[in-house]
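Asks: One structure, as structure tokens, below. Some questions next.
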Amino acid sequence: MKKGKIYLIVILFFLLAVGYAAFHKWSVNHVTYITGGVEHPIGCISCHVAPERTGFLANMMNEDYLSPINATANHDGSRLYVVAQDADQVIEIDLATNQVISRIQVGDRPHTVEITADNKTAIVSNQWANNIYLIDLSNGAITDTIATGGGPAGMDISPDGKLVYIANTYDNSISVIDIEAKEETRRYQGGNFPTNVTVSPSGDMVYVSSQRTIPVEHRAPIMSEVTVINTVANRVSDRRYFQSAHIMESIEFTPQGDMAIATLVRPKNLVPSAQIEGGWMINHGIGIAMSDGRMAQFLLDEPNEFYPDPYNIVIHPTGKFAYVSHSGADMVSVIDLDAIRTLLQNASDADLVRYANHLGLSSEYVVKRISTGANPKGLAISPDGKYVYVVERMMDRISVIDTEKMEVDHSIDLGGPTRITVSRLGGQLFSNASHTYHNQYSCYTCHPDGHEDGLTYDLTGSGRNLANVQTLRDLNHTAPFKWIGTNQSVYKQCGMRFSIFVTRTESFSPKNLDALVAYIFRELTHPPNLNRLPDGELTDAQKRGKVMYYRTVTNTGMEIPVKDQCITCHNGPSYNSTIMSDIGTLKENDDPTLFDPANLNNVYESAPYLHDGSAATLEEVWTKFNPDDKHGYVNDMTKDQLNDLVEYLKALPAERYYASDQEYEVTTGQLH
Amino acid sequence: MKNYLQKLTFTQTTAFLVVLSLVLFSFIMPVGTQDTANQSTGTDKSEVTEAKPMPIYGNWKNYTKKDGLPADKIYCVRVDGDRVWAGTNNGLAMLENGKWTTFTEKDGLAHHNVLSIDISPINGDVWVATMSGLSVYSGGKFKTYTQFNSGLANDVVYCVICDGKDVWTATGGGANSFDTFTGKWGIYTEQNAPMHEPWTYNVCASKEKIFIAAWGGGVIEWTKKTQQFRDYVDPDGEMEIDLFPDDGVIHDITTAVSYANDILWVSSYFGMSRYDGSKWKGYFDHDSGLAGNFINFLKANGPVVWACTDNGMSSFDGNTWVTYRNNGTEKGGKVIIDGNSPNERTLSATSSIAHNFIIGVDFKDNEVWIATAGGLSKGEIVSYTETKTSKL
Numbered sequence: 021m022k023k024g025k026i027y028l029i030v031i032l033f034f035l036l037a038v039g040y041a042a043f044h045k046w047s048v049n050h051v052t053y054i055t056g057g058v059e060h061p062i063g064c065i066s067c068h069v070a071p072e073r074t075g076f077l078a079n080m081m082n083e084d085y086l087s088p089i090n091a092t093a094n095h096d097g098s099r100l101y102v103v104a105q106d107a108d109q110v111i112e113i114d115l116a117t118n119q120v121i122s123r124i125q126v127g128d129r130p131h132t133v134e135i136t137a138d139n140k141t142a143i144v145s146n147q148w149a150n151n152i153y154l155i156d157l158s159n160g161a162i163t164d165t166i167a168t169g170g171g172p173a174g175m176d177i178s179p180d181g182k183l184v185y186i187a188n189t190y191d192n193s194i195s196v197i198d199i200e201a202k203e204e205t206r207r208y209q210g211g212n213f214p215t216n217v218t219v220s221p222s223g224d225m226v227y228v229s230s231q232r233t234i235p236v237e238h239r240a241p242i243m244s245e246v247t248v249i250n251t252v253a254n255r256v257s258d259r260r261y262f263q264s265a266h267i268m269e270s271i272e273f274t275p276q277g278d279m280a281i282a283t284l285v286r287p288k289n290l291v292p293s294a295q296i297e298g299g300w301m302i303n304h305g306i307g308i309a310m311s312d313g314r315m316a317q318f319l320l321d322e323p324n325e326f327y328p329d330p331y332n333i334v335i336h337p338t339g340k341f342a343y344v345s346h347s348g349a350d351m352v353s354v355i356d357l358d359a360i361r362t363l364l365q366n367a368s369d370a371d372l373v374r375y376a377n378h379l380g381l382s383s384e385y386v387v388k389r390i391s392t393g394a395n396p397k398g399l400a401i402s403p404d405g406k407y408v409y410v411v412e413r414m415m416d417r418i419s420v421i422d423t424e425k426m427e428v429d430h431s432i433d434l435g436g437p438t439r440i441t442v443s444r445l446g447g448q449l450f451s452n453a454s455h456t457y458h459n460q461y462s463c464y465t466c467h468p469d470g471h472e473d474g475l476t477y478d479l480t481g482s483g484r485n486l487a488n489v490q491t492l493r494d495l496n497h498t499a500p501f502k503w504i505g506t507n508q509s510v511y512k513q514c515g516m517r518f519s520i521f522v523t524r525t526e527s528f529s530p531k532n533l534d535a536l537v538a539y540i541f542r543e544l545t546h547p548p549n550l551n552r553l554p555d556g557e558l559t560d561a562q563k564r565g566k567v568m569y570y571r572t573v574t575n576t577g578m579e580i581p582v583k584d585q586c587i588t589c590h591n592g593p594s595y596n597s598t599i600m601s602d603i604g605t606l607k608e609n610d611d612p613t614l615f616d617p618a619n620l621n622n623v624y625e626s627a628p629y630l631h632d633g634s635a636a637t638l639e640e641v642w643t644k645f646n647p648d649d650k651h652g653y654v655n656d657m658t659k660d661q662l663n664d665l666v667e668y669l670k671a672l673p674a675e676r677y678y679a680s681d682q683e684y685e686v687t688t689g690q691l692h
Numbered sequence: 011m012k013n014y015l016q017k018l019t020f021t022q023t024t025a026f027l028v029v030l031s032l033v034l035f036s037f038i039m040p041v042g043t044q045d046t047a048n049q050s051t052g053t054d055k056s057e058v059t060e061a062k063p064m065p066i067y068g069n070w071k072n073y074t075k076k077d078g079l080p081a082d083k084i085y086c087v088r089v090d091g092d093r094v095w096a097g098t099n100n101g102l103a104m105l106e107n108g109k110w111t112t113f114t115e116k117d118g119l120a121h122h123n124v125l126s127i128d129i130s131p132i133n134g135d136v137w138v139a140t141m142s143g144l145s146v147y148s149g150g151k152f153k154t155y156t157q158f159n160s161g162l163a164n165d166v167v168y169c170v171i172c173d174g175k176d177v178w179t180a181t182g183g184g185a186n187s188f189d190t191f192t193g194k195w196g197i198y199t200e201q202n203a204p205m206h207e208p209w210t211y212n213v214c215a216s217k218e219k220i221f222i223a224a225w226g227g228g229v230i231e232w233t234k235k236t237q238q239f240r241d242y243v244d245p246d247g248e249m250e251i252d253l254f255p256d257d258g259v260i261h262d263i264t265t266a267v268s269y270a271n272d273i274l275w276v277s278s279y280f281g282m283s284r285y286d287g288s289k290w291k292g293y294f295d296h297d298s299g300l301a302g303n304f305i306n307f308l309k310a311n312g313p314v315v316w317a318c319t320d321n322g323m324s325s326f327d328g329n330t331w332v333t334y335r336n337n338g339t340e341k342g343g344k345v346i347i348d349g350n351s352p353n354e355r356t357l358s359a360t361s362s363i364a365h366n367f368i369i370g371v372d373f374k375d376n377e378v379w380i381a382t383a384g385g386l387s388k389g390e391i392v393s394y395t396e397t398k399t400s401k402l
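So the protein lines, in turn, are chains A and B.
Numbering follows our numbering, with no gaps: position 478 of the first sequence is 498.
Numbering follows our numbering, with no gaps: position 373 of the second sequence is 383.
Following this line, the structure appears as structure tokens:
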């Protein structure tokens with residue numbers, strides 16, 4: 021070999037070595053920065069491939085799971101219909117053979133399926149399509165599409181089979197559909213994020229549960245609504261409240277009609293998160309709206325063991341037992357309703373308050389805990405009451421509980437992918453509470469459906485720096501995180517600090533943290549923005565509001581300083597930026613800080629607003645909390661201009677839906 | 011006969027059938043269609059109620075504070091099935107099962123001065139316009155919209171109506187629309203509508219249009235389909251007199267609008283106007299049976315319009331005026347039929363409306379409910395015989 025070639029090889033080797041050393045040093049620094057200095061064997065793939073939604077490698081790494089959420093048995097008990105949310109399917113199971121016999125493709129993000137009394141028609145709510153489908157079960161054909169309110173979720177059919185009542189989660193309404201006429205005949209105002217519906221056995225009352233508290237004074241005890249519709253008078257006849265409770269994912273009448281029972285969560289967001297002997301941060305249970313007008317709550321937790329995220333409830337045809345799925349504990353609780361009735365029979369008002377907080381009481385009425393697969397969500401019960409079907413969302417599986425033996429009898433595989441991907445593991449972790457002290461709550465508990473619960477917590481236990489929970493939807497590429505922007509990554513957000521202040525347990529393992537980040541970034545996403553026109557275009561008011569959003573001069577022609585223009589801090593696909601600002605909203609109990617601009621995608625569904633949740637509506641952000649124009653220059657606006665601006669803000673969609681050059685036309689060349 | 015019919019030519023047969031049809035049609039045709047004053051002019055193709063003889067109301071029952079109302083000054087009244095709602099200067103009152111229940115700020119009502127009430131036809135919610143915000147009563151609870159927490163144009167809300175899913179308000183800062191399905195607010199002022207200024211008093215809906223009574227702007231008409239405005243103002247431009255009779259709405263300062271049977275009725279502090287889609291007609295207290303020119307409110311019930319004046323309650327079906335007054339300090343009242351006409355008759359009555367300053371009116375079957383400055387009055391249709399000294 022010639023000397024020249026040898027020199028060349030040596031030089032190349034030297035350059036490679038130097039290059040590698042430099043890259044290694046840079047990558048170590050980069051990883052250290054990203055993880056907040058916490059030791060973590062993070063690789064490039066963890067951040068740059070696994071959390072992505074598109075791309076060859078990301079597609080190779082991930083699978084299309086079914087993610088079933090709810091189910092119902094038909095009226096002769098021969099079939100089970102399962103809603104597969106991520107697959108947009110209704111899966112039909114022959115309960116004699118326990119085999120999937122058909123898959124019916126339905127609308128965007130289906131939520132619930134109900135079967136008409138003649139077993140001939142299935143009604144499916146398509147939560148992201150704002151409609152329901154009627155399906156001819158003889159051939160699986162979709163025969164009709166009927167428009168509803170925004171985000172149709174839980175449903176129930178009237179005893180005479182003529183009407184279906186639907187909880188519309190995204191616009192807080194309740195639709196009444198005439199099944200024969202195939203049209204919406206009435207629409208009622210529900211609570212905050214209505215979730216589920218139950219019609220009384222007599223048919224004269226309809227109860228609707230809701231996920232969030234109704235708006236209350238800032239830092240006042242929350243109260244979540246059960247909307248009561250009188251079907252004779254055709255009006256909302258009552259709005260009954262469960263005090264200090266929320267996340268009522270489902271509600272069900274007993275066959276006797278003496279109780280409507282809702283699953284619920286009791287957050288302790290008004291006290292420092294340090295009082296473990298008093299139930300610590302979040303408890304879980306049921307709420308009972310009694311026919312005599314009283315409201316009661318019972319915890320399903322135990323003093324040192326918690327059963328988080330109760331999702332669904334079904335009641336045995338005898339009315340003696342109720343079954344509650346705990347999606348955060350992989351468990352089903354069996355509740356003796358006669359024991360509950362006995363407790364309620366002579367209970368005083370003071371007793372009812374005590375019951376609602378009594379961790380030691382559950383042993384008197386919880387007769388069995390039945391382990392299930394990962395993330396049990398919807399429940400269905402056979403007409404004869406012999407079986408309870410448990411929808412295991414993160415397993416793509418149905419477990420069947422024998423109600424006499426009170427144990428899982430067998431399982432039915434829905435045919436989803438068998439491989440557990442990084443993101444899927446993250447989903448299982450996200451929805452499971454085993455990583456918190458006493459298994460008290462999961463990520464889902466404060467971030468239901470990957471969103472946020474609308475509450476403000478005192479996480480430091482000091483009474484200072486109260487934090488309004490933020491949505492986890494569409495977070496990728498929007499760092500930094502937290503209101504004050506101190507977390508440059510979710511690795512830091514959910515790492516050591518999180519375990520110290522929030523979960524009070526060991527930190528997530530590096531593998532689990534990788535999985536959690538991948539799940540949050542890849543799977544949690546906003547629904548379509550229902551405030552836009554059906555084709556995604558802006559209304560006239562929204563177009564006028566867009567002009568206000570992008571304006572650079574006041575109504576009097578004065579130039580608005582760049583820092584006071586909306587677009588300066590809220591731009592790009594997530595309508596945010598890294599410009600830390602004083603927007604004049606600090607309170608006396610806040611440490612001095614600047615704020616990281618919040619993402620504004622689907623901001624209409626994130627009330628209350630501001631870092632401490634003090635603004636009840638978007639309007640209040642500017643009418644009450646921006647006297648000095650620090651949070652954008654708005655005080656010269658007329659009322660109709662502010663209305664237009666709010667209309668435009670309500671129309672800001674998730675990036676993937678309506679991203680276009682036109683939407684972000686002002687984002688270049690103007691900033692800084 | 012058979013042979014005879016076979017011999018008829020085609021022309022003869024046709025002529026026979028035409029004559030037969032006309033004879034039959036003349037029997038079927040209702041006599042009421044001869045009444046030109048009540049003819050449908052087809053401006054809006056709304057449901058037209060057939061004209062009946064002008065009813066007379068009596069057997070007045072007056073509700074005051076003694077009966078459980080929170081005040082005697084009643085701003086508005088609205089019948090809601092078996093319930094009756096009354097807006098007073100001291101809260102909202104509901105009559106149910108013979109008992110009054112009062113709601114105030116303590117119950118979540120926006121303000122105790124309740125100016126207008128309407129019921130949603132799609133869900134039965136009760137919308138309440140107050141001097142300090144718009145409240146909706148649903149399921150026994152109030153929710154309030156203000157100019158600070160919502161798109162409400164102004165907290166002074168003079169009128170609220172429910173038009174399907176849309177709620178319209180007339181406020182001190184413009185007319186408002188609120189889509190209860192989408193939560194979208196619209197504000198209509200002199201900036202985007204042919205108004206003189208944003209002050210609006212009243213609003214009503216027909217099947218195809220919204221009508222707004224705007225201070226100084228006459229009547230603003232909004233067509234739902236095209237979303238276009240037009241206005242109806244006093245063509246003579248005179249504020250003191252109606253210079254040219256029947257040339258248009260009689261005054262630019264309007265207080266209320268009501269649409270029924272394809273007729274738009276408009277009130278002002280200077281008289282009342284009627285518009286059939288092509289012609290305007292003005293009514294004053296000196297040339298008609300109208301009790302007074304100062305009209306706070308009016309509402310049409312099918313073919314009959316009720317004008318709430320400062321001098322009694324007048325009703326009019328296009329032909330006949332009937333005015334109700336009480337006798338002030340003396341007991342009883344009177345009913346004046348076709349006042350200011352050669353045909354004027356006065357009936358004395360042992361019962362009467364509570365006060366002659368009338369602010370609101372609503373109807374239920376054979377009942378009329380009248381909001382006055384001295385209580386809430388309920389009358390029912392009575393039969394009577396006219397003699398020289400008629401009594402109800």
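In this text, a Cβ means the ideal position worked out from N, Cα and C, and glycines have one as well.
1) With a cut-off of 8 angstroms, does the C-beta of Phe191/B fall near any C-beta of chain A?
2) Quick check: is the beta carbon of Asp135/B nearer than 8 angstroms to any beta carbon in chain A?
3) Would you mind reading off the limits of the alpha helix (DSSP H) that contains Lys4/B?
4) Please tell me whether Asn619/A has its Cβ less than 8 angstroms away from any Cβ of chain B.
5) Going by DSSP, what residues sit across from Met104/B in a beta bridge?
6) Run through chain B and tell me which residues come within less than 9 angstroms of Ala772/A, C-beta to C-beta.
7) Please determine, among Ala187/A, Asp180/A and Phe273/A, the residue with the shortest C-alpha to C-alpha distance to Ser220/A.
8) Which residues in chain A sit within 7 angstroms of Phe158/B, going by Cβ to Cβ distance?
9) Using a Cβ-Cβ cutoff of 7 angstroms, what residues of the stretch 114 to 135 of chain B are near chain A? List them in chain order.
10) Rounding to the nearest angstrom, what Cα-Cα distance links Ala370/A and Phe262/A in this structure?
11) Going by DSSP, which residues form a beta bridge with Pro287/A?
12) Taking only runs that begin and end inside the stretch 595 to 665 of chain A, name each unbroken alpha helix (DSSP H) of 4 or more residues, in chain order.
13) At a CB-CB cut-off below 7 angstroms, which residues of chain A make contact with Lys151/B?
14) Nearest chain B C-beta to Asp648/A closer than 8 angstroms, yes or no?
15) Checking contacts by CB at 8 angstroms: is Thr264/B closer than that to chain A?
16) Less than 8 angstroms between the CB atoms is what I'm expecting for Arg444/A and Glu83/A, so what's the real figure, rounded?
17) Would DSSP call Val426/A helix, strand or coil?
18) Please decide whether Lys566/A counts as near chain B, where near means a Cβ-Cβ distance under 8 angstroms.
19) Which of the residues in the stretch 235 to 266 of chain A, read from start to end, lie with their CB under 8 angstroms from any CB of chain B?
20) Could you check if Gly181/A is buried or exposed, using at least 16 other CB atoms within 10 Å of its CB as the buried criterion?
21) Does DSSP classify Gln125/A as helix, strand or coil?
22) Quick one: is Gly42/B buried, meaning 16 or more other Cβ sit within 10 Å of its Cβ, or exposed?
23) Could you work out which residues of chain B lie near Val666/A, taking near to mean beta carbons separated by less than 8 angstroms?
24) Quick one: Cα of Ile220/B to Cα of Pro204/B, how far?
25) Using the C-alpha atoms, what's the distance from Gly398/A back to Met714/A?
Replies: By the coordinates alone:
1) yes
2) yes
3) Absent from the structure is residue 4/B, since the part of chain B shown begins at 11 and ends at 402.
4) no
5) Trp95/B and Thr111/B
6) No information on residue 772/A is available, as it lies outside the stretch 21 to 692 that chain A covers here.
7) Phe273/A
8) Glu639, Glu640, Thr643 and Lys644
9) Ile132, Asn133, Gly134 and Asp135
10) 15 angstroms
11) Ile302/A
12) 638 to 643
13) Arg259
14) no
15) no
16) 7 angstroms
17) Just to set this straight, residue 426/A is Met in the shown sequence, not Val. Coil.
18) no
19) Thr247, Val248, Ala253, Asn254, Arg255, Val256, Ser257, Asp258 and Arg259
20) exposed
21) strand
22) Because Gly42/B sits at a pLDDT of 32, beneath the cut-off of 50, its placement in the model cannot be relied upon, and the following sentence gives the value as read from the coordinates. It is exposed - the Cβ of Gly42/B has fewer than 16 other Cβ atoms within 10 Å.
23) Gly161
24) 14 angstroms
25) Here chain A has residues from 21 to 692 only, and residue 714/A is not among them.
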